[in-house]
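Visitor:
Chains as they are written, first to last, in the working numbering: chain X, 1 to 293; chain U, 294 to 586.
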């Protein structure tokens, strides 16, 4: 299976599961549920893909693993809704569509994000995700840490604060490890948690995720400078406009490109202990370099 | 012990535990952690009190139960931060202090709310809360449902939608059961989950919470009309101003007062199967009628 086929499969599987797991709009709260579904539509589904591939490495049943994949996507989608708000990045376009607060309104967008976060933990706590409550608790502990004040949300806070300072490469790296890296790391590690894997493969996946996440972010910064807004489905040039410190503003274009290639290749070396089951993870580490959106 | 002493004890215990559990502001995300601590300061601590009293009924160790109490308070505090935002209720005063987005800024307030929600689930998933992961999963499942799109957040959505319609008493009741009732019900039930109680006492506590929560809300509506903003530490008259449908606007002042008294006394009948250990819960059902803030 090629990476493209696998990504498409993931997208379809995730869309079906989202449709099953997300409540249908009825009652007076219909608008909220519509906004939740809207925010959970489309996107690359990178995190679900990583979770599903991670599960494959340890023979985890896909029917269970896709629930973890959707839980991660709930957290990711909620963070995008809130990041796009006028008080935050003030973005009007996401995945080629109006952002949630533009399509609905600000209050609904805030609440849809809040409800998606609660839903992520509800999905993980449900026995359908894994029969062993110890495993479910480990998933919840890992995801709540990855999403919280020392993970994704903390990284977003630092990102906003950085606009008023002159951060060095260490700070920018730390902020991205928190803002996007933590959730990518959870995705890569989730199969090991579900499969009750030993320490060695778990650490290998964490190290892979670390390098992959940073490579992904460096390319994100490159795309903001060089990317085509029509292909990306979101605004470009926002970092330069806002005077934001990025890998590009600190390292320059050439060294940033080199750095992304180095991180991508280093990511693959951490997969050496896995057999061909990890090939799609190897492919995705190359794909992050060539993506256009 | 009088109810007042017990409430004071709860407030001190919760403040100490919040101080231990919430990370200290260091690093670049310091502002976020400060905002989280700010939002977790003060308040009646009604939900933690209910959780701790519920735990007492089943002999749950207070050191464990207070973690559940703080988790509920994290959810409550995050909901207040987000409800107060300009895009929502646009409140500037809460507990006699500037609301979080006024004291800090909007972006920080949104993120502090998000991080507090993640922290609630992180606290519950931690083995220190209960040694049995099955119990921890049950807590997380119950709290995520109470907080999510068919609970607190859904209720807030309906509340906002109601401003554009003419809701009947059934709708207003349902919205409050979701918006405030669900979290109060979780608080009352949490001791039964922690103590692995049988169905009968669990259902009794849920029924108690149902009536208590509604009584609490009717009094809230009464205070908005008759309360002293200085004592309450928040603005009054907001419901009338916004033309919001409340128990008062539908039932009138006299019938609302009667209804609150009826609900309070009905709440107590559900506690008949408990001995004097439930006396403080009986007291609190009377207290909601006489509170001034």
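Beta carbons: idealized from backbone N, C-alpha and C, even for Gly.
(1) Would you check if the distance between the CB atom of residue 267(X) and the CB atom of residue 285(X) is smaller than 8 angstroms?
(2) Suppose you measure from the CA of residue 415(U) to the CA of residue 354(U); what does that come to, to the nearest Å?
(3) State the start and end residues of the unbroken alpha helix (DSSP H) segment that holds residue 341(U).
(4) Relative to the alpha-carbon of residue 152(X), which residue among 50(X), 76(X), 30(X) and 289(X) has its alpha-carbon at the smallest distance?
(5) Could you pull the DSSP bridge partners for residue 97(X) from this structure?
(6) Give me, in chain order, the residues of the same chain whose beta-carbon lies closer than 6 angstroms to that of residue 412(U); leave out the 5 immediate sequence neighbours on both sides.
(7) Expressed to the nearest angstrom, what Euclidean distance is found between the alpha-carbon atoms of residue 475(U) and residue 510(U)?
(8) Of all Cβ atoms in chain U, is any one closer than 8 angstroms to the Cβ of residue 36(X)?
(9) Quick check on the burial criterion: 16 or more other C-beta atoms within 10 angstroms. Buried or exposed for residue 313(U)?
(10) Pick helix, strand or coil for residue 155(X), following the three-state DSSP scheme.
(11) For residue 322(U), which residues in chain X fall below 7 angstroms Cβ to Cβ?
(12) Spatial neighbours of residue 451(U) within its chain, please: CB distance less than 6 angstroms, with the 5 preceding and 5 following residues excluded, ordered by chain position.
(13) Determine the chain U residues that contact residue 133(X) at a beta-carbon separation under 9 angstroms, and present them in chain order.
(14) Using 8 angstroms as the threshold, is the C-beta distance between residue 296(U) and residue 580(U) below it?
(15) From residue 96(X) to residue 43(X), what distance separates their C-alpha atoms?
(16) Could you work out which residues of chain B lie near residue 286(X), taking near to mean beta carbons separated by less than 7 angstroms?
(17) Exposed or buried, which one is residue 168(X) when buried takes at least 16 other CB atoms within 10 Å?
(18) Could you list the residues in the region 387-401 of chain U with a C-beta less than 9 angstroms from some C-beta on chain X, going in chain order?
(19) Using Cβ-Cβ distances below 7 angstroms, what residues of the region 109-122 of chain X are close to chain U?
(20) Examine the ligand FAD and report whether any of its heavy atoms sits within less than 7 angstroms of the Cβ of residue 22(X).
(21) Taking 8 angstroms as the cut-off, decide whether the C-beta atoms of residue 32(X) and residue 447(U) are in contact.
(22) According to a CB-to-CB cut-off of less than 7 angstroms, which residues of the region 477-491 of chain U neighbour chain X?
(23) Give me the Cα-Cα distance between residue 128(X) and residue 53(X), rounded to the nearest whole angstrom.
(24) Rounded to whole angstroms, what is the Cα-Cα separation between residue 110(X) and residue 91(X)?
(25) If the cut-off is 9 angstroms on Cβ atoms, which residues from the region 75-87 of chain X count as contacting chain U, listed in chain order?
(26) If you draw a straight line from the C-alpha of residue 391(U) to the C-alpha of residue 331(U), how long is it?
(27) Look at residue 223(X) and residue 257(X) and say whether their C-beta atoms are less than 8 angstroms apart.
(28) Using a C-beta to C-beta distance shorter than 7 angstroms, which residues of chain U count as neighbours of residue 33(X)?
(29) Give a yes or no on whether 8 angstroms exceeds the smallest Cβ distance from residue 296(X) to chain U.
(30) Kindly indicate if chain U contains any beta-carbon less than 8 angstroms away from that of residue 73(X).
(31) For residue 418(U), return the contacting residues in chain X, with the cut-off set at a CB-CB distance below 7 angstroms.
(32) Given residue 512(U), which residues of its chain have a CB within under 8 angstroms of its CB, disregarding the five upstream and five downstream residues?
(33) When Cβ atoms are compared, which residues of the region 43-63 of chain X fall closer than 7 angstroms to chain U?
(34) Could you tell me if residue 12(X) is buried or exposed, where buried requires 16 or more neighbouring beta carbons within 10 angstroms of its beta carbon?
(35) I'd like to know if residue 464(U) contacts chain X, where contact means its C-beta is closer than 8 angstroms to some C-beta of that chain.
(36) Kindly list the residues whose CB is nearer than 7 angstroms to the CB of residue 35(X), restricted to its own chain and excluding five residues on each side of it in sequence; keep chain order.
Guide: Once the coordinates are examined:
(1) Yes; because the gap between Cβ atoms is below 8 angstroms, this pair is in contact.
(2) For the pair residue 415(U) and residue 354(U), the Cα-to-Cα distance works out to about 20 angstroms.
(3) Its alpha helix (DSSP H) spans residues 339-350.
(4) Ranking the options by Cα distance to residue 152(X), first place goes to 76(X).
(5) Beta-bridge pairing links residue 97(X) to 94(X).
(6) Same-chain partners within the cutoff: 367.
(7) Between the alpha carbons of residue 475(U) and residue 510(U) lies a gap of roughly 12 angstroms.
(8) Taking Cβ atoms only, chain U reaches closer than 8 angstroms to residue 36(X), which makes this a yes.
(9) Residue 313(U) is exposed by the Cβ-count criterion.
(10) Helix, per DSSP.
(11) Residues of chain X passing the Cβ test: 149, 154, 157 and 158.
(12) Same-chain partners within the cutoff: 468.
(13) The contacting residues are 425, 426, 427, 428, 429, 430 and 431.
(14) Cβ atoms of residue 296(U) and residue 580(U): closer than 8 angstroms.
(15) Cα-Cα distance, rounded: 10 angstroms.
(16) Annotation note: the requested chain B is absent from the structure, which comprises protein chains X and U.
(17) With fewer than 16 other Cβ atoms inside 10 Å of its own Cβ, residue 168(X) counts as exposed.
(18) Against chain X - using a Cβ distance shorter than 9 angstroms - the residues of the region 387-401 of chain U are 394, 398, 399, 400 and 401.
(19) Taking 7 angstroms as the Cβ-Cβ cut-off, the region 109-122 of chain X approaches chain U at 110, 111, 114, 115, 117, 118, 119, 121 and 122, given in chain order.
(20) This structure simply doesn't include the ligand FAD, nor any ligand for that matter.
(21) Taking 8 angstroms as the Cβ cut-off, residue 32(X) and residue 447(U) qualify as a contacting pair.
(22) Within the region 477-491 of chain U, no residue places its CB atom closer than 7 angstroms to a CB of chain X.
(23) Answer to the nearest angstrom: the Cα atoms are 19 angstroms apart.
(24) Between residue 110(X) and residue 91(X), the C-alpha separation is close to 14 angstroms.
(25) Residues of the region 75-87 of chain X with a C-beta atom less than 9 angstroms from some C-beta of chain U are 75, 78, 79, 82, 85, 86 and 87, listed in chain order.
(26) Rounded to whole angstroms, residue 391(U) to residue 331(U) spans 10 angstroms at the Cα level.
(27) No, they are not a contact pair.
(28) Taking a Cβ-Cβ cut-off of 7 angstroms, the neighbours of residue 33(X) in chain U comprise 442, given in sequence order.
(29) In the structure as shown, chain X starts at 1 and stops at 293, and residue 296(X) therefore has no counterpart that could be examined.
(30) Closer than 8 angstroms: no.
(31) Here the neighbours are 137, 140, 141 and 144.
(32) Beyond the five residues adjoining it in sequence on each side, residue 512(U) comes within less than 8 angstroms, by CB distance, of 553, 581, 582 and 584 in the same chain, given in chain order.
(33) Correct list: empty, as no residue qualifies.
(34) Looking at its Cβ environment, which holds fewer than 16 other Cβ atoms inside 10 Å, residue 12(X) is exposed.
(35) Yes, its Cβ sits closer than 8 angstroms to a Cβ of chain X.
(36) Contacts found: 100, 104, 108, 109 and 112.
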